Each structure stands twice: as structure tokens, then as C-alpha cells.
Amino acid sequence: MSTLDWSQTPERLALAATLLAMCDGSDERLIRALDDAGIPWIGIPEADAGSGGDDGDLAAALRLLAGQARSSSLAETGFIGGWALRQCGHAEPDSHLAPAFDIGTDATAIERDGAWFISGHASNVPGVAHASLVLIPVLISERWQLAAIPIDQAEIVAHANLAGESRAELHFSNAKAAFLLPIASDLGWIDLHARLGLARAIQISGALLAVRDMTVQYARTREQFGKPIAELQAVAHLLAAIAEQALLAEAAVATAINSPTSWNCAIAKSVASRAARSASAAAHQVHGAMGMSLEYPLGSLTTRLWSWAEEGGRPEAWEHWIGQRFMQQDRPNLWESIVNAMEGADR
Amino acid sequence: MSELAALRSEIRAFIHEELAQQRFTAHCDSWLTSFDPDFSARLGERGLIGLMIPIQFGGRGLGVAERLVVSEELLAAGAPVAAHWFAERQFAPSIVRHGTPSQQAEWLPRVTRGKAWIAIGLSEADAGSDLAAIRTRAEQVDGGWAITGAKLWSSGAHTAHAIVVLARTGAQRHEGLTQFIVRLPNAGVQIRPIPLISGEHHFNEVAFDHAFIPDSDVLGPIGNGWTQAMQELAFERAGPERYLSTLPLLQELLSGLGPDAESASELGRCIAEITSFRAINQRVVEHLATGQTSAIDIPMLKSLGTSFEQRTVQIALDLVADSSRTAPPITAAQGLLREAQFQSPGFSIRGGTNEVLRGIISKGLTR
């Protein structure tokens, strides 16, 4: 089996082998192993005590772990939180981060004696279970700033998404920020939200490949009516549909990694989320009752796909944002907008 | 400016010039339905046809990425490219790969000038999706071959200078097939129109009754026709015509509607999907050039893209219905919508039905 291969380099293959070896034990062990190997700090130059590498390397790691249906705080600490800090000129490898970039987050900051105090709430915050700092955007004098608040300053209502991954509602009442940094002037809340969306899109694209392979394998070996069900045309077409959606998500994600404007992140999240919905439905249909069983590994992937499709902006929300932004242009030209955006222009 | 960006500016400048002089109006599915020999000739004069054709034959000797830039700009603009499209897309690559030196010297410069109009003779009455079931046969006669049989759904055969015919020269299902360049007119060939549900004439039935073809017009080795036809289909399926057929309609609708919260989501989804198809397409053609393409990438792109095209017709119907409640009807868009709707069933049929493609995909997955 082969498909389009967007990102394979010898370094990535070596990284993949390292990560796979880490997936042997519990989630706790995985998180420790990732830390020991410095994976969450890929993207921070080695000169700044980071692990070197780039966004693409981090994305490759996220994809791989998603395909293994493993939970870690790599997306939160590395791809989302670490990136956000770098947009504020803060490029030090930090402790684990809980980026509060999803919708339902609303906080204000006041200054007192040279310190900043944050009040408000944040919804559906990932990574809280392992984080020591919450990152929360606040608008001060019409400029977005990123407040880093020690986790013990927050009132936490912990819950979990459908896949059991840590999510939490956070409340702050005059919580003292560890530090507060202005975000690069051309960025705002929506860009942080888009980064969260891209992380989930990357994870979706990794899980979709695993769902595709698992479902193909099942259909090849499961026999009914005296033959593998993959030979039944209706089933074969479901397999094709899953592969198509996995490809589409991968293409959208690759475009956003190459050119990570919020516009391209929005596209990646909307395309990947829709692919997650339709491919997970098709995969369950092929698996029959077996896919519903806790013991069988499909569910650990599809529950992630369902959750990730909704987190970091639902497809409907991002599509609306894209459409409105397009139509707000002076003389909207559909084709030119598409071409320019893919080449890295803002849209 | 990169070379690709320079080329994009070049083709856009040409298109703007043509539009400014009102030499064409945008149409949906223009590569199939918009026939304008003068446009093709002007495009050829600028050296914008057959970019991959070697320089000694009048082309630019460029790569697939460059060709994709020009193709997608023409299609997105709804430009009238039907006259030369098949010749440039699949005939020329086949001649480059399999043609004799004299075939190359004759046809390739003509293609680059936009003066070679070629039809495709593959499908038959009893051989549609099951293409290898074709029965049109070629028998060896003195100095050449005599073809007897009938081809169906040959787009543009009534205006073409030649039709490339896949015919049976032996009994073996695949190895018994050979391609012939049948110059038109030919005393043994009759072309009958098959009007479309729109009333338009693009399709033809092409009947052969002992039509004589000289040996010099055999394309490629005897018995290599299936392989060549499959290579051509890969070129045919791997292009932006599989997701841009309705782009002129979407563009026209948007300029007519203005900012409107209700339709923004649908539009955003279209932008997201076209972007993703382009990303796949760019990668597929790179792989096609280096021979790395997996057997299923191109069918996946075509299946996804044509399903999208069909969905855009419904989106357009909804947008037009919404806007007619509040504003005067959008007449230009309605014309484009009509032609898109008439053509839409064909999107997922031509060049391999989506069902056949999904069969190919699942075979590739489970192999």
C-alpha cells in the first residue's frame, strides 16, 4: 500500500522509530520519555537550550502518536503552547503548558504593583493534568497579550473528552500571572485558536491513516458469505472513501504546515474535521459490531477523531470565518485568493 | 519572482488581455464545451500550449509543475480551450513517448501552435467502464491497416483533424490492442452527432468501415495500445479539470452576491476543498513525472474532485434561489448554472466512473 508522502526525510524516519519505541508503556511513561528526549521543545533552536528542528518535525511526531492513539502533552506543550510563546519572543524550553485557546475563553487583566492579575474563565483547556502554566490570551489596550498563570492559581473543574484525554474548565479570580507578554503585533486571539485547530488537524490526519490501515486489514481478513468482505463492492467503496478522506486531510494539513497562516490553518482544520467525521463513520460501518467493542482498537482512534473534529474550531465555524474573510475583500476573486493563500500570502 | 510565478503572470496577462478585448466569456467545463480555434491559435502563438513538449518541436521543454500552472489558470478563467485540449493533454505526451521521429516532427509543432485538434476513440457501445472489451478491430492490409467497428462518446470528433483509435489487433484482452492515428476525414469513417440533454453537440459516434490507415500512422508498437491508453488516462485523470469545471460559476455567483452571512460557510468550505485538491494535484503531477505515482493517488483525486464539482451545482442552486428572494436574478450566473447542471452528471463518469475508480482504489489498498 502506498499513498502520497508529504514529509518523509531520513531525520523524520529516525524520529518515528524513536517515538514508536516510546509507545510501549503507559501514557505517563510516554510523557516522561518524550520529555527526556526533548521532543516537546523541537522548534526551539539548540542554542536556546531547545531541541532544534522545525514545525514539520513536531507535526510528524504528533501525527505518529495520534496514529498510535496515544495521549501526551506534546501538542499542548510543543506545537501549540511553545509556538505561542515564541510568537511573544519567548523561546525558552519551559515546563508543560496548558494553552487556553479554544472558544469559551474570556479573561481580563489588571496591573497592580508591577504584577498582572487575571480574572475570567477558560473552557475545554487541554493539557491541564500535566501543565504547570496555563497560557491565556488577554486583550489590553486593544493589543493581545499572552498571560502565563501558574496552574495552582486556577480553580479547576477537570473532565475529559470522548477519548479520555484531559480537558478542564478553568476559573481565575485575580490570579497572579507568572509573566505577561505582548503577542506579535499582527497576531490575535484567532491566530492562537487557529494554531490549536492546526494541531488537532495534524492529529486527525495521523489517526485517519491508522483508521484506514486498520479498516483495510479488517476487511481483508474478515470473511462472510465465504470470502473476505473487502471483495464485496459496497465494502470496497467504503474503504476507498476512507482512503480519499485520509488523503484530503493530509493534503490540507501539509499546505498549512508549509505555509502556516491562520487562513491555511483554518482550511486544514475544516477539511480534516469533515474527513474525521465521514471516515470514522465508514470505518465503523466496515467493522460492524466489532468496532463498538472497547477491547478492539478502532474505538480509541474514532473517539479521538470525534473529539478533535470539534476542538479548536468546528469545521462549520472555520468555513464561516474563511467565507466571511473572503467576502470582506475589496473585489473578491475566488481563484486568486486560493492561489495566493497557498503561496503564503495572508489570503 | 520564481519561474512558476513568472509563468503564472504570463498566462494571467494573456487571459486578461483576451477578456479586455471581449474575445471570450467564461464557461463551465470549458475544456470540453468551449471550442474556439482562434483562441487556441493565439494561445499557441504565445508559446502557452504544450509546455512540456521538447524545444526542438516548438514546445518549451518544461516540467509538469509549469504545465499545471497554465492549465489551472485557463480552466479557472473558463477559457475556450476545447479545440486543442485533448491534443495537448494526452495526444502530445503519447507522441513524445511512443511516436516515430516523423510522427513527432509532424504533430508536435502543430500541437504547440494550437492547430492540432484530436479526438479520443476509446469507449464503444459494449465497452464503457469495461474498456478492454472493445471490439473495433484492425486488420493488416497492403501498406497498412483496415479498421472496422464503432467508437462512442468521442468528444469533438466532428471538428477533429484526427482521432486516436484503440483497436483490436489480436485476441489477447490487453496485449491484443493497438493505437492508430486516424486522420479525418477518411473515406471509411462516418461521424454522427449524439446530442446531449442540453441539446448541444460535443459527443459523436464514429463508425469505421474498413477505414484504411497507413503503417506510418500506427502509434507505438503493435500490442502496446492498452499500456499507452492507460498512460493517457493517467494524464487525463490527474488534471485540474477534475475539480475546476464549475469554478467560473462559483466566481460569478460570488461577485453577484456580495457579503452575506448565510452563504459564507458554504463558500468557505468550497475554498477549503479546492485548496486541498490543488495540494494533492501538485504532488500527484510531481510524482507522475518521476514515475513514483501510486496506482491509487490519481483515482482518489478524481473521485474527490468530481464529487465536489457536483456538490457545487447544488450550492449554486441554493445561492441563486436565496438571492432571487431579495434581489434581481443573477443572469450571468444563471447561464453558467444551466451549463454546469447540464454537464454535471458527466463529471463523475468521463475518464472513468467514480465506481470504477473506487474499485481501483480499494484494489490498491487491499493488494
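Order-wise, the sequence lines are chains A and B. Each residue of the first sequence is one higher than the last, beginning at 0 in numbering that gives the first Met the number 0. Each residue of the second sequence is one higher than the last, beginning at 0 in numbering that gives the first Met the number 0. Where is the CB? At the ideal position from N, CA and C, for every residue including glycine. Here the structure is a predicted model, which is why all the values come from computation and not from measurement.
In chain order, what residues of the same chain have a beta carbon less than 7 Å from the beta carbon of residue i, not counting five sequence neighbours either side?
i	result
A/Leu161	Thr302, Trp305, Ser306
A/Leu237	Ala281, Gln284, Val285
B/Leu165	Gly120, Leu121, Ile133, Leu176, Gln178, Gly224, Ala228
A/Ala239	none
A/Ala235	Ala229
A/Ile155	Val127, Ala167, Leu169
B/Ile273	Tyr242
Which residues bound the beta strand (DSSP E) around residue i?
i	result
A/Asn173	165–175
B/Ile119	117–120
B/His209	202–213
B/His97	Here B/His97 belongs to no beta strand (DSSP E); instead the alpha helix (DSSP H) covers 91–97.
A/Asn123	114–125
A/Asp105	105–111
B/Ala149	143–150
A/Pro149	142–149
B/Val181	176–182
B/Ala137	136–140
B/Gln189	188–193
Near residue i, what residues of its chain come up, given a Cβ to Cβ distance below 6 Å and the 5 sequence neighbours on each side ignored?
i	result
B/Gly155	Ala118
B/Asp214	Gly143
B/Gly60	Pro53, Ile54
A/Ile79	Pro98, Arg194, Leu195, Ala198
A/Leu308	One detail in the question is off: residue 308 of chain A reads as Ala in this sequence, not Leu. Hits under 6 Å: Ser272, Ala275, Arg276.
B/Ser39	Ala82, His83, Gly113
B/Trp152	Ser122, Phe202
A/Trp317	Ala265, Lys268, Ser269
Ordered along the chain, which non-local residues of its own chain (more than five positions away) have a Cβ less than 8 Å from that of residue i?
i	result
B/Phe341	Leu195, Ile196, Ser197, Glu199
A/Pro296	Ala68, Met213
A/Val210	Ile241, Ala245, Ala278, Ser279, Ala282, Leu297, Leu300, Thr301, Leu304
A/Leu333	Phe325
B/Leu47	Glu9, Ile10, Phe13, Val69
B/Glu17	Phe23, Phe38, Arg41, Ala78
B/Gly126	Going by the sequence as given, residue 126 of chain B is Ala instead of Gly. So the qualifying residues of the chain are Ala132, Ile133, Arg134.
B/Pro128	Residue identity check: residue 128 of chain B is Ser in the sequence provided, not Pro. Answer for B/Ser128: Gly351, Thr352, Glu354, Val355, listed in chain order.
Just to confirm the assignment, what range does the alpha helix (DSSP H) spanning residue i have?
i	result
A/Thr214	188–220
A/Pro136	First-last for A/Pro136: 132–139, but that is the beta strand (DSSP E), not the alpha helix (DSSP H).
A/Ile38	Careful: A/Ile38 lies outside any alpha helix (DSSP H) and carries neither H nor E.
A/Thr17	9–21
A/Val252	232–257
B/Thr365	353–365
A/Val338	333–341
A/Arg324	314–326
A/Leu161	Premise fails: A/Leu161 is in no alpha helix (DSSP H) and is neither H nor E.
B/Arg109	100–111
Rounding to the nearest angstrom, what Cα-Cα distance links residue i and residue j in this structure?
i	j	result
B/Lys301	B/Tyr242	8 Å
A/Pro227	A/Ala278	21 Å
B/Leu364	A/Glu230	12 Å
B/Ile314	A/Met213	35 Å
A/Ser1	B/Val319	Here A/Ser1 scores only 36 on pLDDT, less than 50, and its place in the model is too uncertain to base an answer on.
A/Ser131	A/Glu75	12 Å
B/Glu174	B/Val217	15 Å
A/Ala153	A/Trp115	14 Å
A/Ala48	A/Ile41	10 Å
A/Arg346	A/Ala340	Because A/Arg346 carries a pLDDT of 46, less than 50, the predicted location of this residue cannot be relied on, and the following value inherits that uncertainty. Each residue's alpha carbon lies about 4 Å from the other.
A/Gln323	A/Ala233	39 Å
A/Leu293	A/Ser25	17 Å
A/Ala206	B/Leu248	36 Å
A/Leu14	A/Asp53	13 Å
If I'm right that residue i touches residue j with Cβ under 8 Å, what's the distance once you round it to whole angstroms?
i	j	result
B/Arg172	B/Arg136	About 14 Å separates the two Cβ atoms, so there is no contact after all.
B/Phe234	B/Pro92	6 Å
B/Ala161	B/Arg182	5 Å
A/Gln144	A/Ile182	6 Å
A/Cys264	A/Gly343	Going by Cβ atoms, the distance from A/Cys264 to A/Gly343 rounds to 13 Å, so no, they are not a contact pair.
A/Ile321	A/Ala248	With a Cβ gap of about 16 Å, A/Ile321 and A/Ala248 do not count as contacting.
B/Leu3	B/Ala64	6 Å
B/Ser264	A/His319	4 Å
A/Gly88	A/Ile43	That pair is no contact at about 12 Å.
A/His95	A/Gly126	7 Å
Exercise for the section: May I ask you to verify whether the region 23–33 of chain B touches the region 70–86 of chain B, counting CB pairs closer than 8 Å and requiring at least 3? Expected result: yes
Exercise for the section: Give a yes or no on contact between the region 264–282 of chain A and the region 237–244 of chain A, applying the rule of three or more CB pairs nearer than 8 Å. Expected result: yes
Practice task
Could you tell me whether the region 170–182 of chain A touches the region 258–271 of chain A, using the rule of 3 or more Cβ pairs below 8 Å?
Solution key: no
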